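Working notes, structure below.
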């Protein structure tokens, strides 16, 4: 009787973990808006994966070892959302927000990372999305300004004039 209970409990726990993982994947939405939300596009992981991808390996001040990030250039996401403006506000799940001038967004960097070392990122691992730069490639990417823009648990981008 105890063995049946143990097996049933383990199976139920595994099913719960699987369901939580599936729900987390389905809940990976990046909101891209302009004009205070009057125009909004929601991009899920599948939509982001359909956009041009960039991959690089770099060290960060938040990880112990070099990490391979892959994702979409921020410029391509704003283009896909068909938003224009002069100031971008990037907001995390906990409502932490940073602003940056749209003019400072490069063609290739930063990226909105959807994967770290080939795996999608859980909220616990700074996901679902993380704004990252190839920090090792240029001293200009190793400044407090750039680090402050490297927001993780990203879920909203809003462009304003």
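Numbering (my numbering), first residue to last: -19 to 141. Glycine is no exception: its CB is placed at the ideal position from the N, C-alpha and C atoms. As the structure is a prediction and not an experimental result, all values here were calculated from the model.
Residue i and residue j look like a contact to me (Cβ under 8 Å); what is the Cβ gap, rounded to whole Å?
i	j	result
residue 70	residue 131	5 Å
residue 97	residue 47	6 Å
residue 89	residue 32	Wrong, their Cβ atoms sit about 13 Å apart, outside the cutoff.
residue 78	residue 139	Not quite, the Cβ-Cβ distance comes to about 14 Å (not below 8 Å), so this is no contact.
residue 112	residue 49	5 Å
residue 141	residue 66	6 Å
Return the bridge partner residues of residue i from the DSSP annotation.
i	result
residue 68	80, 139
residue 22	11
residue 111	92
residue 51	34, 93
DSSP three-state call for residue i: helix, strand or coil?
i	result
residue 92	strand
residue 134	strand
residue 98	coil
residue 63	coil
residue 39	coil
residue 16	helix
residue 125	helix
residue 119	helix
If you draw a straight line from the C-alpha of residue i to the C-alpha of residue j, how long is it?
i	j	result
residue 39	residue 114	8 Å
residue 14	residue 108	21 Å
residue 19	residue 134	19 Å
residue 125	residue 117	16 Å
residue 25	residue 11	12 Å
residue 30	residue 57	11 Å
residue 127	residue 121	8 Å
residue 64	residue 72	21 Å
residue 42	residue 105	11 Å
Hey, residue i and residue j: beta-carbon distance below 8 Å or not?
i	j	result
residue 100	residue 51	no
residue 184	residue 85	Residue 184 cannot be examined here, being either before or after the span of the chain that is shown, -19 to 141.
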